[in-house]
Structure formats: C-alpha cells, structure tokens
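Structure first, commentary second.
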Amino acid sequence: MSIKSDRFEFRLAEERRSQIQAAAGVVGETEAEFVRNAAIQRADRILALSSRTFMPAEQFDAMIASLDIPDEAPALAAAAAKPRRFTRK
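Written as structure tokens, this is what we have:
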C-alpha cells in the first residue's frame, strides 16, 4: 500500500455534501474513501475510453478495405532493388 501524502480539497454545496455523506454511509465508507474511490473509478473509466477509437461501422469497413489496396511505394521498391550492404552467413 502506498503512503498517502497528497491532499485534494474542493468546495461543494451543502446538499451535495449531505448526499455524499448518505451514500458513503450506505456502503460503509468514510466520506473521504467514498469520494476518493468514486474519483478513481471515473478516472479509470475515462482513461480507458480515451485510448479507444470509436467510429461508425461503415467507416470501419472502409478503413479495413483500404488496407487491402496495395500501395506502389516506389521508394521502397527502389531500396529493395539495391544490392545489400550486409549478407547473412
């Protein structure tokens, strides 16, 4: 378990504080535990979604189909045609 040394403070309306107190009581957590856990869960969810790309099915199909179209790549063909500098023994 890591040592908790950073502090995080914020302001909120009294009715929101009461709401958090009630919810924390229902799950048997302190207010701090409840808020910390909720913030971490939301951060994890948002970061997980941010690493994904979402697109309509038609756009995805077009992207996948474009991968099957060969690219002439003339510079690559020219480089491959040159004699090799090193050979395997």
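Residue numbers for the sequence shown follow the numbering used here, beginning at 1283 and rising by one.
Where a beta carbon is used, it is the ideal one built from N, C-alpha and C, also for glycine.
Here DSSP, grouped into helix, strand and coil, assigns residue 1345 to helix. In the DSSP annotation of this structure, the continuous segment of the alpha helix (DSSP H) that includes residue 1315 starts and ends at 1313–1332.
Between residue 1302 and residue 1313 the beta-carbon gap is near 6 Å, inside 8 Å, which marks them as a contact. In this structure, residue 1305 places its C-beta atom within 8 Å of the C-beta atom of residue 1316. Between the alpha carbons of residue 1328 and residue 1308 lies a distance of about 25 Å.
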